[in-house]
Every structure is written in structure tokens, then in C-alpha cells.
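Those protein sequence lines, which keep their order, are chains A and P. The first sequence lines up with residues 19 to 273 when you count with this note's numbering. The second sequence lines up with residues 6 to 286 when you count with this note's numbering. These notes concern the structure reproduced below.
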Amino acid sequence: MGAGHVHPLHLERGSPVHRLAPEVKIVATVLFTVAVVATPREAFWAFAGYAVILGVVAAIASVPAGWLLKRSLIELPFVALAVLLPFLASGDQITWLGVTMSRDGLLGGWNILAKGTLGVLASLLLAATTTTRDLLAGLDRLRCPRIVTQIAMFMLRYLDVLGDEARRMRIARLSRGDDPRFLWQLRGLASGLGALFLRAFERGERVYLAMLSRGYTGRTPAALSADGAATTGQWAAASVVPVAAVALAIAAVLA
Amino acid sequence: MKGEYDLRALSLDVRAVRYAYPDGHVALNGVDLSIAPGERVALLGPNGAGKTTLVLHLNGILPGAHADGASGTVAVGGLEVRAGDRSCLAEIRRRVGIVFQDPDDQLFMSTVAEDVAFGPANLGLRGAALAERVDEALAAVGMAEHRDRAPHHLSFGQRRRVAVATVLAMRPEILVLDEPSSNLDPASRRELSEILRGLPVTLLMVTHDLPYAMELCDRSVILDSGQIVADGETTDLLSDADLLARHRLELPYGFAVPAARGRMNRHPSSIGGEAVTATRP
Numbered sequence: 019m020g021a022g023h024v025h026p027l028h029l030e031r032g033s034p035v036h037r038l039a040p041e042v043k044i045v046a047t048v049l050f051t052v053a054v055v056a057t058p059r060e061a062f063w064a065f066a067g068y069a070v071i072l073g074v075v076a077a078i079a080s081v082p083a084g085w086l087l088k089r090s091l092i093e094l095p096f097v098a099l100a101v102l103l104p105f106l107a108s109g110d111q112i113t114w115l116g117v118t119m120s121r122d123g124l125l126g127g128w129n130i131l132a133k134g135t136l137g138v139l140a141s142l143l144l145a146a147t148t149t150t151r152d153l154l155a156g157l158d159r160l161r162c163p164r165i166v167t168q169i170a171m172f173m174l175r176y177l178d179v180l181g182d183e184a185r186r187m188r189i190a191r192l193s194r195g196d197d198p199r200f201l202w203q204l205r206g207l208a209s210g211l212g213a214l215f216l217r218a219f220e221r222g223e224r225v226y227l228a229m230l231s232r233g234y235t236g237r238t239p240a241a242l243s244a245d246g247a248a249t250t251g252q253w254a255a256a257s258v259v260p261v262a263a264v265a266l267a268i269a270a271v272l273a
Numbered sequence: 006m007k008g009e010y011d012l013r014a015l016s017l018d019v020r021a022v023r024y025a026y027p028d029g030h031v032a033l034n035g036v037d038l039s040i041a042p043g044e045r046v047a048l049l050g051p052n053g054a055g056k057t058t059l060v061l062h063l064n065g066i067l068p069g070a071h072a073d074g075a076s077g078t079v080a081v082g083g084l085e086v087r088a089g090d091r092s093c094l095a096e097i098r099r100r101v102g103i104v105f106q107d108p109d110d111q112l113f114m115s116t117v118a119e120d121v122a123f124g125p126a127n128l129g130l131r132g133a134a135l136a137e138r139v140d141e142a143l144a145a146v147g148m149a150e151h152r153d154r155a156p157h158h159l160s161f162g163q164r165r166r167v168a169v170a171t172v173l174a175m176r177p178e179i180l181v182l183d184e185p186s187s188n189l190d191p192a193s194r195r196e197l198s199e200i201l202r203g204l205p206v207t208l209l210m211v212t213h214d215l216p217y218a219m220e221l222c223d224r225s226v227i228l229d230s231g232q233i234v235a236d237g238e239t240t241d242l243l244s245d246a247d248l249l250a251r252h253r254l255e256l257p258y259g260f261a262v263p264a265a266r267g268r269m270n271r272h273p274s275s276i277g278g279e280a281v282t283a284t285r286p
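As C-alpha cells, this is what we get:
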């Protein structure tokens, strides 16, 4: 917790991709991912095509490959399943280098690995080129329910505050000799989490009172998110990515 | 309704306000308090005296529309608070700017400028008019160069100043501060007092910090057990050791109240005892 001053998933650059309106990038990412998921798993060449598309976007956005790869490690738990699948699944068995594997399992594992990796890389590119603030503004302009964007906004705002609070409570606990190294010592931690929840709840109430005091009527004033909406040119430029991906997916399905 | 003021109207006129919480605890037991335009008044009182409850009455958050244990009236600049009347409450909340004790409760948008814009945008301002309000409020608290930073990256003192700006942007009739000096280092404390003294608004300051009250406010009122038990010149009240002791108020160790009439001439407009007479019988 406590992301520090710079969000770890955002990369500050002045590239054309960074300058695109957020809603354009969100739509492009979602469509790209849907196209990837809809592609039959045997169409290996199509997945190579998707990877090339992502590579080109990353190059334009000047996001280094190493930066992307390091953050894509989040995918590891799923990769573990993908690696196990060939050995666990039943069906036709094939032998490769003396190891017996299930053909179905192998394809299933590849399916998870390829689609998962492409999806993760696409989201990372979106996060790298768009601040969380802009993401929320984009979702808002895409008619995402206000209540959802507002909850997300408050979560972002208060995550650091809560993290700080949790850290202070932990230090205070350790200062009084708590050392929860074993399961039976977790009582202090558990009641600490309970206290943290109550504090968050009470803070929520105080924040709401403070908002009411400044004339809040249930929705964020429109004047605060009016600027920077996408132009037709931006929609056209960004549509290259999903159009290419959908074309690949259709070709793969028909092939 | 907006902008129409009776120039002779009191900034704040609280009459016989009584409020009991749903559990039956009586928090306010007949509070009367009048504040004239331009006055700076300190509201003193021990913990649990009902100070926060009173503050929430000033902009109509309390009592709710269906509160049983509530009676009395609150008027701001001549406009009476009517619980349940939305447009009335909106105007009351514009006129009364409350700065809460914890700036993290008050600053919830992603940047300082957006947060300051939240109030006036709720009033329907947009575009250049909105930007003007934001600039004006941030300049008043000396935070203009931090407008694009995230509130949680500022120091505590800076956050409190931004919190003041968020309500100044609504051009309030009266500014209500809950414990403005709490958790501030001495330099931030002094900077805030300089800022507050320079603001052309009526000020009501809720505090335990008696020296701060004396520095900023000519007049003080003491609230205890839900009632105003004293109302007069700050120096007079703070010199009365018995009065302070009766209501669990204490001056810091080593602090001596300067002689009542021999103070520095800080507020030319309100020297002498006029402040005391502002209270109605």
C-alpha cells in the first residue's frame, strides 16, 4: 500500500498515445482484448500479429519493453496454471523430449498464456499512457454510471490516507512489543484491521458531511470534467488498433 | 434569493437552539448567539460541550428534516435555515463556509484546483467564472503555485490552507473553522493566523487553543453542557480564572493574558467593548 508520489503503473511521456483522450484509449483496449479472446487458439500466426500491434503501439508511446515485461509479472499465478495444464488434462497424449503431455492440455495452456499475456500487455499500455484521473474522466464520458466512477475516485484518493493510517497503527503495535510471526499471534493484526475498517467508515461519514457543506447534491458538478473530450480525429487515429485486431480475428476464424 | 442581503442583518443569528441526539443525549440546550458582520468570534468549550453539534446546525446539516428533539432557529445574513427546503439549504451552505478539523476529510478531489472548484461548481459556476473563483481563493491563502498538485502530497499546514480556500471559493458570509490550529507547527500556525486576519469575512472559530483565540478574536463565547455560559471580550474571559476552571478550560503553562485594554491596536474597527454588546438579551 502507499503508492508514493508517482503511480507505479504510469509512465510520464509526451507521446502521441499519451495525448489521446482517455475514452478513446479505453475503447481501443477493450475492443482489442475482445478480438484477442475471440481468436481460435490454433491460429498461432494471429497471436503473433497481435503482439506486433502491441509492439508498434508501445514504440509510438515510447514505453520500454523491459518496463512492460517487469510489470507483466503480475500474470505469473495464471501462467503456473497454464504450465500445469498439459500434465493434468486428459485426452490424446503426445510425447516430446521424453515427457508425456496431453494435446488438449497443451493447447489449453497455450490459449491461457497467449491471451492472458496479450491482455495484460494491452492494459499495461493503457495504464502507462493514461493517468488514473484521466481514466476515470474517460469512463465518465463513456457513460459509465457516475456512482462507479465516484467510488473509484474516492478509493484512489483515500488509499494513501488509509495506507498511512494502517502503517501508523502497525508501528504503534510493534512499539508495544507485538511481533505477529506466527498464526496464533495474529489477534493484534486482526483487531487492527477491524479498527481500520471502523476508522474508514467514520471518515467516510465526515467526508460526506464536508461535501454536503459545500453544496454537494449527489453528483460531481459537470463543470469539473468538461474539458479534453475526444475529437473525431482522435477516434479515427486510435481505431487503427482495434480495426487491425478485429481483422486478424475474423481472418483467424474463417481460416 | 441569491445575493440579496439585508445589510443590517446579523451574519449569524442563533436563537434558542435545542437538539437531542436520537439516543436521547441533549447536546444543545437552548443556545443563543448573534454575530455581526465582520466580527471575529472564538467559540470555546471543553470536549463534549456541543461545539461540533452547534457547528453542524449553522449550515443546516443538523437537525435533519424529521428530528424530534430539535427546536429553535438559525439565520445566516437574514436568511433562516429551513430543514428540508433544498434551495434554501443550498444558499445557506454557500453563505456558511465550514473548515473541518481534518483537511483529509475536506479535500477529496484529485488536484488542489479541482477541490477548490468543487464548491463553486456545485453552485452552478463554470468556465471563466469558475476559474476566477479558484484563482482568487488560492491566492487568498497563498497556495496558487500548488494548484495542480494532489492534496495528499501537500504538507499538513498546506492542506489546511487549501481547506480554507475550498470554502472561500464559495464567497461565504461567515467562515466557521473547527480547531484551525490543531496539529500545526508554530510557523504554519502563524501563517494561518495572518491569512485569517486578512480575510474580509465574518469568522467563527471553534477552538481549545486559548492563545490563538486571543490572537485572532476580540470576542469569545464559552459553550458548556449545551449552553452559552459566557460571552464577552476575549481578554476579559481569559483573565477570569474561576470562569475558565468552572468550564474545564486552561491557559497553557506560563501564559499570561495581557492587560485587557492595553493591547496592541490590531483591529481598529472593533476596539473597545462593542463586541460584547452584539449579543442580544
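Glycine included, every Cβ here is placed at the ideal spot set by N, Cα and C.
Contact set for residue i: own chain, Cβ-Cβ below 8 angstroms, skip 5 residues either direction
i: D153 of chain P; result: T116, V117, A118
i: A21 of chain P; result: G35, V36, D37, S76, G77, T78
i: F260 of chain P; result: L215, P216
i: G147 of chain P; result: R166, E196, I200
i: L27 of chain A; result: R89, L142, A145, A146
i: L221 of chain P; result: R45, A47, S198, L201, R202, L208, M210
i: Q252 of chain A; result: L38, A39, V42
i: S257 of chain A; result: A46
i: H272 of chain P; result: Caution is warranted here: a pLDDT of 46 is assigned to H272 of chain P, below 50, making its placement in the model unreliable, and the coordinate value is therefore given only provisionally. Hits under 8 angstroms: R45, D223.
Where residue i meets chain C, residues with beta-carbon distance less than 9 angstroms
i: V172 of chain P; result: Among the protein chains in the structure shown, which are A and P, there is no chain C.
Own chain partners of residue i with C-beta closer than 6 angstroms, once the 5 adjacent residues on each side are dropped
i: S76 of chain P; result: R23
i: C93 of chain P; result: R87
i: R237 of chain A; result: R164
i: G22 of chain A; result: In this prediction, G22 of chain A has a pLDDT of 41, which is less than 50 and means its spatial position is unreliable; nothing more can be read from the coordinates.
i: G123 of chain A; result: L103, P104, A107
i: S230 of chain P; result: none
i: Y54 of chain P; result: Sequence inspection shows Ala at residue 54 of chain P; the Tyr mentioned does not correspond to that position. Here the set comprises L228, D229.
Neighbour-count burial assignment, residue i, 16 or more Cβ in a 10 Å radius
i: E57 of chain A; result: The sequence shown places Thr at residue 57 of chain A, rather than the Glu named in the question. The residue is buried, with at least 16 neighbouring Cβ atoms inside 10 Å.
i: N52 of chain P; result: exposed
i: R161 of chain A; result: exposed
i: A192 of chain P; result: exposed
i: Y258 of chain P; result: exposed
i: A208 of chain A; result: exposed
i: T147 of chain A; result: buried
i: G156 of chain A; result: buried
i: M171 of chain A; result: buried
i: Q111 of chain A; result: exposed
i: V19 of chain P; result: buried
i: M173 of chain A; result: exposed
i: G132 of chain P; result: exposed
i: T113 of chain A; result: exposed
i: Y26 of chain P; result: exposed
i: I169 of chain A; result: exposed
i: E150 of chain P; result: exposed
i: F65 of chain A; result: buried
i: A250 of chain P; result: exposed
Beta-bridge partners of residue i, as assigned by DSSP
i: A235 of chain P; result: P:I227
i: L91 of chain A; result: L91 of chain A is not bridged to any residue.
i: L209 of chain P; result: P:V46, P:V181
i: N34 of chain P; result: P:R23
i: V104 of chain P; result: P:L182
i: L17 of chain P; result: P:I40, P:V81
Supposed contact pair residue j and residue i - C-beta distance, whole angstroms, cut 8 angstroms
i: M187 of chain A; j: A213 of chain A; result: 7 angstroms
i: S120 of chain A; j: I78 of chain A; result: The Cβ separation is near 41 angstroms, so there is no contact.
i: V167 of chain P; j: D120 of chain P; result: 7 angstroms
i: V181 of chain P; j: I103 of chain P; result: 5 angstroms
i: A100 of chain A; j: L131 of chain A; result: 4 angstroms
i: R164 of chain P; j: P108 of chain P; result: 4 angstroms
i: L209 of chain P; j: L48 of chain P; result: 6 angstroms
i: I179 of chain P; j: V139 of chain P; result: Incorrect: roughly 21 angstroms between the Cβ atoms, too far for contact.
Close-in-space but distant-in-sequence residues of the same chain around residue i (CB under 7 angstroms, 5 per side omitted)
i: L128 of chain P; result: R99, M175
i: R59 of chain A; result: L125, W128, N129
i: A14 of chain P; result: G82, G83
i: V60 of chain P; result: I103, V181, D183, V211
i: A142 of chain P; result: V121, A170, L173, A174
i: N64 of chain P; result: I97, R98, V101, I103
i: G69 of chain P; result: A88
heavy atom of the ligand SAM below 6 angstroms from residue i C-beta
i: V117 of chain P; result: In terms of ligand content, the structure shown is empty, and the ligand SAM therefore cannot be addressed.
**Report entry** Those runs of the beta strand (DSSP E) which lie wholly inside the stretch 109–184 of chain P and span at least 3 residues
**Finding:** 179–183
Query - Complete beta strand (DSSP E) runs within the stretch 59–121 of chain A (minimum length 3 residues, chain order) - result: 111–114, 117–120
Report task. List in chain order: all unbroken beta strand (DSSP E) runs of 3+ residues lying wholly within the stretch 54–95 of chain P. Result -> 76–81
Query - Inside the stretch 119–169 of chain A only - beta strand (DSSP E) runs reaching at least 3 residues - result: none
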